[in-house]
């Protein structure tokens, strides 16, 4: 909730009463928290590749593997990331130059996050939830949770994984523009 509270503090500081919100991955999680606890401050939410609820078993296993990888150190991380898809290349250098203990701690904290889905069943703000069809961490859970949110719609992006569902701007931008046009009229 801390980051969501920080978002509200920034809006207050710059005198923005209401805003649209677009968050992807961790930013999507922050958006779900904003929708759950501060929805009156937003005109709409666009939440990509994330879920307000607990992770599925694949997500839990992914967290365990990432924690173990961060704990093994930079050489192990470099080996694994160099075998990953091209869209992860931009993360390699900053991750290797970062604090791997901090990354492991962040991943542990993320794995223990609160399930806030029950706070979203009364949401009245328009919400677009989307995930790549091949995003095994978020797709099914995001789809399931969005069906419980009265003002949410879920969009599945065919064939895309987690990172592709933000990198493929040719698919994401038209979807976002269409949603914003719809909720702004």
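In the numbering used here, the protein residues as written are 9 to 193.
Glycine included, each C-beta is placed from N, C-alpha and C at the ideal position.
A check of alpha carbon separations from residue 192 across 135, 179 and 153 identifies 135 as the nearest.
As DSSP reads the structure, residue 160 sits in a beta bridge with 135. Around the beta carbon of residue 163, 16 or more other beta carbons lie within 10 angstroms, which makes this residue buried. The shortest C-alpha to C-alpha distance from residue 161 to any of 188, 35 and 172 is the one to 188.
A distance below 6 Å between beta-carbons, with the five flanking residues on each side excluded, links residue 51 to the following residues of its chain, in chain order: 26 and 28. Around the CB of residue 182, fewer than 16 other CB atoms lie within 10 Å, so the residue is classed as exposed.
For residue 51, the enclosing beta strand (DSSP E) starts and ends at 50-56. For residue 28, the secondary structure class from DSSP, reduced to helix, strand or coil, is strand. As a beta-bridge residue in DSSP terms, residue 165 pairs with 140.
For residue 117, the enclosing alpha helix (DSSP H) begins and ends at 108-119. For the pair of segments examined, the segment 68-79 was found not to touch the segment 34-50: the number of CB pairs separated by less than 8 Å stays below three.
In the displayed model, residue 85 falls within a helix according to three-state DSSP.
Ranked by Cα distance from residue 33, the first of 48, 150 and 80 is 150. The residues 146, 149, 150 and 153, in chain order, have a CB closer than 6 Å to that of residue 59 in the same chain once the five nearest residues on each side in sequence are set aside. Separation of the CB atoms of residue 54 and residue 184 is rounded to 6 Å, and the pair is thereby assigned contact status at 8 Å.
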